[in-house]
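Numbering (the numbering used here), first residue to last: 2 to 166.
No residue lacks a Cβ here, since even glycine has one placed at the ideal position from N, Cα and C.
Bear in mind the structure is a predicted one, so any value in this text is a computation, not a measurement.
Report on the following structure.
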């Protein structure tokens, strides 16, 4: 009898756990791409740039989006003054172009990325994708962490800022 009650209680608890996760996802409680990036701590520059470009609402939208997200260390590798120049209001169009060059429409997981040799970005140009020495490369950037899921897409972390031609 105790075993039966224990089994029933286990099923009830499991059922509640799954339904609360489902409820949270259904009601938008799972974090979107912007929130995931902001809370990570490695994307301070990227998040500041997204805000300066006026792209927060877009990247909080339904999507889905695939974002190749450069870390703060990636931005630090740019020539001195580049970030400051891009963040100036008069350079907003350039900043938007750089940022949207990191975004592909749709949710493209790592297993699918490695099957591609290129992808068209939201900016309109094509990025090259290849596997070199066991590393996934997007143009000259290495994917250092893949499949960071968000409610409206996926983030692949890269070690270099991609610059459109």
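Euclidean distance between Cα positions of residue 48 and residue 71: Within the chain shown, residue 48 is the residue found at index 47, counting from 1. Within the chain shown, residue 71 is the residue found at index 70, counting from 1. Roughly 10 Å separates the two Cα atoms.
Spatially closest choice to residue 50 from 99, 32, 140 and 118, by CA coordinates: Counted from its first residue, the chain shown places residue 50 at position 49. The residue with the shortest Cα to Cα distance from residue 50 is 99.
Classification of residue 94 by the beta-carbon crowding that lies within 10 angstroms, buried from 16 upward: For this step, residue 94 is matched to residue 93 along the chain shown. Per the 10 Å Cβ criterion, exposed.
Three or more C-beta pairs below 8 Å linking the region 64-83 and the region 130-147: yes
Where residue 163 falls, given that 16 or more other Cβ within 10 Å makes a residue buried: As a first step, residue 163 must be located in the chain shown, where it is residue number 162. Residue 163 comes out buried.
Alpha-carbon to alpha-carbon, residue 82 and residue 108: Along the chain shown, read from residue 1 onward, the residue named residue 108 stands at position 107. Along the chain shown, read from residue 1 onward, the residue named residue 82 stands at position 81. Their backbone Cα atoms lie some 33 Å apart in a straight line.
Residue 69 - containing beta strand (DSSP E), residue span: Residue numbering aside, residue 69 sits at position 68 when the chain shown is read from its first letter. Element bounds for residue 69: 66-71.
Cα-Cα separation between residue 101 and residue 124, rounded to whole angstroms: The residue labelled residue 101 in the question sits at position 100 within the chain shown. The residue labelled residue 124 in the question sits at position 123 within the chain shown. Taking the straight line joining both Cα atoms gives about 5 Å.
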